[in-house]
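Student:
Number of protein chains: 4
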Amino acid sequence: MEKQEPLSEKQIRIIDVSERLFAEKGFEGTSVRDIAHEADVNVAMISYYFGSKEKLLEAMFARRSAMITDQLTVVLDDEKLAPIDKVYLLIDFYIDQIIRNQHFHKIMVREQIAGRDSSVGKAIAKIKLTNQSLIKQLILEGQKKKVFKPRIDVSMMMMTLIGTANQMISAQQHYRILNDLEDMPDEKFEILIQKKLSVHLKNLFKAVLTYES
Amino acid sequence: MEKQEPLSEKQIRIIDVSERLFAEKGFEGTSVRDIAHEADVNVAMISYYFGSKEKLLEAMFARRSAMITDQLTVVLDDEKLAPIDKVYLLIDFYIDQIIRNQHFHKIMVREQIAGRDSSVGKAIAKIKLTNQSLIKQLILEGQKKKVFKPRIDVSMMMMTLIGTANQMISAQQHYRILNDLEDMPDEKFEILIQKKLSVHLKNLFKAVLTYES
Amino acid sequence: MEKQEPLSEKQIRIIDVSERLFAEKGFEGTSVRDIAHEADVNVAMISYYFGSKEKLLEAMFARRSAMITDQLTVVLDDEKLAPIDKVYLLIDFYIDQIIRNQHFHKIMVREQIAGRDSSVGKAIAKIKLTNQSLIKQLILEGQKKKVFKPRIDVSMMMMTLIGTANQMISAQQHYRILNDLEDMPDEKFEILIQKKLSVHLKNLFKAVLTYES
Amino acid sequence: MEKQEPLSEKQIRIIDVSERLFAEKGFEGTSVRDIAHEADVNVAMISYYFGSKEKLLEAMFARRSAMITDQLTVVLDDEKLAPIDKVYLLIDFYIDQIIRNQHFHKIMVREQIAGRDSSVGKAIAKIKLTNQSLIKQLILEGQKKKVFKPRIDVSMMMMTLIGTANQMISAQQHYRILNDLEDMPDEKFEILIQKKLSVHLKNLFKAVLTYES
DNA sequence: AATGAATGAGTCTTCATTCAT
DNA sequence: GATGAATGAAGACTCATTCAT
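Protein chains in written order, with the working numbering: chain A, -17 to 195; chain B, -17 to 195; chain C, -17 to 195; chain D, -17 to 195.
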């Protein structure tokens, strides 16, 4: 777990561009020339700054992982809410997370499909572990207070939470077409799917976790 | 919509190998040499049989699309079941479909992320449209019989159905680790996740669709 | 100098197609697949009938060479004309020859540029030798009769005769453009350049060979 | 009409080698491997420097075109010669041009046969247009001074000038054989054909253009 | 610290030919 | 005699990386 140098402005630009391109065309489908060109830097810079294309990906994951876990722990710590509201908060946090960092999450989907036992694979595993333990704790808390049903399959609930949100951003183009939203501007569409996901997933979780009809 | 030649035994072998490799390493990450080597055919055969690597992918989609839609229509047509049982049947069909054709579904996830407006993109769109209209019809039927709640967001239910199942096969490696199942043999593990998905998704759909507690 | 089998109808079709394609795209620029496709025969036929692509070219030269020399000797033998008229006859014969077999003559130009010491190179050399000796004899005859000037450089006159005609068919596209003839139909254009070449070359030869002003 | 970067020493070496090889074996008959090998550079350099094999050809034409037109305009501008002497000067310029850049002119012959409407085709057209307008002007001048005959077909005279010279360099191997010059060293042979062409073409032009016997 | 030039290994595809029938 | 299937070799080109400066 080596300590990172803080990234220079150019390095961040490279990572940002890579994120978009890796999301759109995949890691292998993106050439360092593409990246260098779009980030307006010399081709040699990628190797020079990150060592290799692979290491660039790792640097990207390192950066995002830090961001995600940092924020995640903050969200729930200092709240004094009912268990279901905490769950709602968590759901909204995830949705927000995924939609705001679509590019990165698409890359994560791709990488978890590949299932490589690489540095990146480990980074993903770590994120998932943190997520799962956090939500498990949350549900246990609700069960202790007798407001959540017993025998909740937390892993499967995670699957549904992450899976549904990922599916939404992955298939958003198809969603637009199926629901006649092809001409809606991106910003508006983003707000729409955020709302849709939020309502739908909260509804789902409430129905499965609580006793209320 | 040109009628295809029936595929030769070698062509099928090539497609099968490609399916696995594209799923594992992505389309761009897989070389025709890899494919040729693992399928034990000459490299030139891929171009010879399919015209190009891209067209091979298309042939793969054509084959699977035909399989899926063929089977799907059969599943529900001649059944005289209660609406919820039909939904259950559909859920099990999807799960079975996705688990049995993991490789292909992983490729579909990858391709829908890319969101290209290609032949393959259109094939995916068509599959999704068929799926969506089928399940919509099913839910409408239940609503007419007053056994399903009104105001069901079918698109979002699809998202959850497909998303959860895709997430399971995509993240199965992580699922194993998180649930201490790393040493379970593949066949057994496959049966396990099939069961898990079935129970979980039926539970979810029942809770959201019906009035029962 | 092996005796040829008479060519089958299919073989002739192949040669004819090849002639056009070799002229347009060059020998190397034309694939046997192109030929087979346009001649509507199986790809394997080229190797099967001719042995190889190279041998096909040789067969083509063999066929044309025979045609040319056969006709050439006929043209002048049984004529009782004045020397200058014989020269005119020869000029018209060449022009006709080159324009009517443009494709083949373009190939000859290409091949003589390459200057390979191949079977084809030898065929070209043979044609040239026949041509040269024939015209030399003709001019000698005129000189003996004192109607042609002495000290005529026959080789250079050949250069001009062949060179000018070849240049015309090679650069005909440019000729059309330079002379605003882009929309003239092919047949009409062909007649035009035939006339132009005839007048021009006869004029040239007369001026150089004879004493008349 | 974009301004070119000045070519590096290596680029020039590549172009020079290509010129020879394209002349000998044709564009399609020459592989980038051949070029790279003979120019003693890495194969990737061709794409790196020129973008593609095709673009290399274009670069070659751009270079030579510039050379030719530059020199051509210089030749006649500041001269105060009799019209026939100007024509002689022009003839010698062309001959010199063609013999000194044999490789390039062979390629031009090949390309003009192909008659493609490519960048290269346009470059050829442009060269021809410049040539034609220049010589037309020259002849008009002579006609105005009543030293040249009226009704001269300039296009055809160009055909003969260019055609004869091209034929000479294209068929030089055959010329050697036909005139028993196979063992003459290249430099001596070059001077010989230069002289032959000069005398012959001047003779031709004088006979056709002027009133002198 | 940063970069333009350069490269060997690799990409997909097409080639002319051969083989089994 | 004829052909569809198949192939090894070669095609042009792009890749991520390194090197000299």
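Glycine included, each C-beta is placed from N, C-alpha and C at the ideal position.
Would you check if the segment 160 to 179 of chain B and the segment 94 to 102 of chain B touch, i.e. whether three or more CB-CB distances between them fall below 8 Å?
Tutor: Too few Cβ pairs lie closer than 8 Å, so no.
Student: Could you give the distance in angstroms between the alpha-carbon of B:THR112 and the alpha-carbon of A:MET138?
Tutor: In the second sequence, residue 112 of chain B corresponds to position 130, counting from 1. In the first sequence, residue 138 of chain A corresponds to position 156, counting from 1. About 27 Å.
Student: Is C:PHE9 helix, strand or coil when you go by DSSP?
Tutor: Position 27 of the third sequence holds residue 9 of chain C. Coil, per DSSP.
Student: What residues from chain C crowd round D:HIS156, counting only those whose CB sits closer than 8 Å?
Tutor: Translated into the one-based positions of the fourth sequence, residue 156 of chain D becomes position 174. Chain C residues near D:HIS156: GLN94, ILE106, ALA107 and LYS110.
Student: Using 10 angstroms around the beta-carbon of D:GLU(-16), count the other beta-carbons present and answer buried if the total reaches 16, otherwise exposed.
Tutor: Reading the fourth sequence from its first residue, position 2 is the one you call residue -16 of chain D. Caution applies to D:GLU(-16), whose pLDDT of 49 falls short of 50 and renders its modelled position unreliable; the value that the coordinates give is listed next. That one is exposed.
Student: What residue does the alpha helix (DSSP H) around C:ILE89 start on, and which one ends it?
Tutor: Position 107 of the third sequence, counting from 1, holds the residue named residue 89 of chain C. Residues 84 to 96.
Student: In this structure, does DSSP put C:LYS(-15) in helix, strand or coil?
Tutor: Mapped onto the third sequence, residue -15 of chain C falls at position 3. In this prediction, C:LYS(-15) scores a pLDDT of 47, lower than 50, which makes its location untrustworthy; the coordinate-derived value is nonetheless stated afterwards. It is coil, neither helix nor strand.
Student: Taking only the alpha-carbon atoms, compute the straight-line gap between B:MET140 and B:GLN114 and give it to the nearest angstrom.
Tutor: Start at 1 with the first residue of the second sequence, and residue 140 of chain B comes out as number 158. Start at 1 with the first residue of the second sequence, and residue 114 of chain B comes out as number 132. If you take the alpha carbons of B:MET140 and B:GLN114, they lie about 7 Å apart.
Student: Taking the C-alpha atoms as reference points, what is the distance between B:SER13 and B:ALA41?
Tutor: For this step, residue 13 of chain B is matched to residue 31 along the second sequence. For this step, residue 41 of chain B is matched to residue 59 along the second sequence. Cα-Cα distance, rounded: 17 Å.
Student: So is D:ASP135 in contact with chain C if we call contact Cβ pairs under 8 Å?
Tutor: As a working mapping, residue 135 of chain D is identified with position 153 in the fourth sequence. Output row for D:ASP135: interface = yes.
Student: Is the beta carbon of A:ILE73 less than 8 Å from the beta carbon of A:ILE151?
Tutor: On the first sequence, residue 73 of chain A is found 91 positions in, with the first residue counted as 1. On the first sequence, residue 151 of chain A is found 169 positions in, with the first residue counted as 1. Taking 8 Å as the Cβ cut-off, A:ILE73 and A:ILE151 do not qualify as a contacting pair.
Student: Can you pull the chain D residues whose beta carbon is under 9 Å from the beta carbon of C:GLY11, in chain order?
Tutor: Your numbering for residue 11 of chain C matches position 29 in the third sequence. Those within 9 Å of C:GLY11 in chain D are GLY8, PHE9, GLU10, GLY11 and ALA96.
Student: I want to know whether the segment 85 to 95 of chain D touches the segment 0 to 8 of chain D - three or more CB-CB distances under 8 Å.
Tutor: Cβ pair count under 8 Å is three or more, so yes.
Student: Can you tell me where the alpha helix (DSSP H) with B:LEU163 in it begins and where it stops?
Tutor: By one-based count along the second sequence, residue 163 of chain B stands at place 181. No alpha helix (DSSP H) contains B:LEU163, which DSSP labels as neither H nor E.
Student: Taking A:VAL102 and A:PHE43 to be in contact with their CB atoms under 8 Å, please state how far apart those CB atoms are, rounded to whole angstroms.
Tutor: Stepping through the first sequence from its first residue, residue 102 of chain A is reached at position 120. Stepping through the first sequence from its first residue, residue 43 of chain A is reached at position 61. Indeed, because the Cβ distance is near 5 Å, the residues count as touching under 8 Å.
Student: Name the one or two DSSP bridge partners that B:PHE130 has.
Tutor: On the second sequence, residue 130 of chain B is found 148 positions in, with the first residue counted as 1. Answer is B:THR192, bridged to B:PHE130.
Student: Given B:ALA18, which residues of its chain have a CB within under 7 Å of its CB, disregarding the five upstream and five downstream residues?
Tutor: As a first step, residue 18 of chain B is located in the second sequence; it is residue number 36 there, counting from the start. Same-chain partners within the cutoff: ASN24, VAL25, MET27 and ILE28.
Student: With C-beta atoms as the reference, is A:ARG92 less than 8 Å away from B:ARG92?
Tutor: For the purposes of this step, residue 92 of chain A is identified with residue 110 of the first sequence, where counting begins at 1. For the purposes of this step, residue 92 of chain B is identified with residue 110 of the second sequence, where counting begins at 1. Yes, they are a contact pair.
Student: Taking the alpha helix (DSSP H) that A:LEU148 falls in, what are its first and last residues?
Tutor: If you number the first sequence from 1, residue 148 of chain A lands on position 166. The question names Leu, yet the displayed sequence has Asn at residue 148 of chain A. Where A:ASN148 is concerned, the enclosing alpha helix (DSSP H) stretches over 136 to 152.
Student: Please state the DSSP three-state secondary structure of D:LYS110.
Tutor: For the purposes of this step, residue 110 of chain D is taken as residue 128 along the fourth sequence, with counting starting at 1. It is helical.
Student: Determine the chain C residues that contact D:THR51 at a beta-carbon separation under 8 Å, and present them in chain order.
Tutor: What you label residue 51 of chain D is simply residue 69 of the fourth sequence in a count that begins at 1. The premise fails here: D:THR51 is roughly 16 Å from chain C at the closest Cβ pair, so nothing lies under 8 Å.
Student: With 7 Å as the limit, tell me which residues of the segment 154 to 178 of chain A have their beta carbon closer than that to any beta carbon of chain B; keep them in chain order.
Tutor: From the segment 154 to 178 of chain A, only GLN155, HIS156, TYR157, ILE159, LEU160, ASN161 and LYS178 have a Cβ closer than 7 Å to chain B.
Student: Can you pull the chain D neighbours of C:ASN185, defined as C-beta to C-beta under 8 Å?
Tutor: Translated into the one-based positions of the third sequence, residue 185 of chain C becomes position 203. Those are VAL190, listed as they occur along chain D.
Student: Report the residues of the segment 59 to 93 of chain B with a CB closer than 8 Å to any CB of chain A, ordered along the chain.
Tutor: Cβ contacts with chain A: LYS88, VAL91 and ARG92.
Student: Under the three-state reduction of DSSP, which class applies to A:VAL14: helix, strand or coil?
Tutor: Working through the first sequence from its first residue, we reach residue 14 of chain A at position 32. The answer is helix: DSSP assigns A:VAL14 an H, G or I state.
Student: For B:ASN148, which residues of its own chain have a beta-carbon under 6 Å away from its beta-carbon, when the five flanking residues on both sides are left out?
Tutor: On the second sequence, position 166 is the one that residue 148 of chain B refers to. Answer for B:ASN148: VAL91, listed in chain order.
Student: Please tell me whether, using a cut-off of 7 Å, the distance from the CB of B:ILE117 to the nearest non-hydrogen atom of the ligand MG is below it.
Tutor: As far as ligands go, the structure on display features none, and thus does not contain the ligand MG.
Student: Verify the CB distance criterion: does C:MET27 have a CB-CB separation below 8 Å to chain D?
Tutor: Position 45 of the third sequence, counted from the start, is the residue given in the question as residue 27 of chain C. Closer than 8 Å: no.
Student: What's the C-alpha gap between A:LEU58 and B:ASP52?
Tutor: Residue numbering aside, residue 58 of chain A sits at position 76 when the first sequence is read from its first letter. Residue numbering aside, residue 52 of chain B sits at position 70 when the second sequence is read from its first letter. Looking at the two C-alpha atoms, the distance is approximately 48 Å.
Student: Apart from the five residues just before and just after A:LEU163, which ones in its own chain have a Cβ nearer than 7 Å to its Cβ?
Tutor: Taking the first residue of the first sequence as position 1, residue 163 of chain A is located at position 181. Result list for A:LEU163: PHE171, in chain order.
Student: What are the boundary residues of the alpha helix (DSSP H) that includes B:VAL56?
Tutor: Translated into the one-based positions of the second sequence, residue 56 of chain B becomes position 74. Element bounds for B:VAL56: 35 to 59.
Student: Can you pull the chain B residues whose beta carbon is under 7 Å from the beta carbon of A:SER152, in chain order?
Tutor: On the first sequence, position 170 is the one that residue 152 of chain A refers to. Neighbours of A:SER152 on chain B, chain order: VAL91, GLN94 and ILE95.
Student: Are the C-beta atoms of B:GLY145 and some chain A residue less than 8 Å apart?
Tutor: Here the question's residue 145 of chain B lines up with position 163 in the second sequence. So yes, B:GLY145 belongs to the interface.
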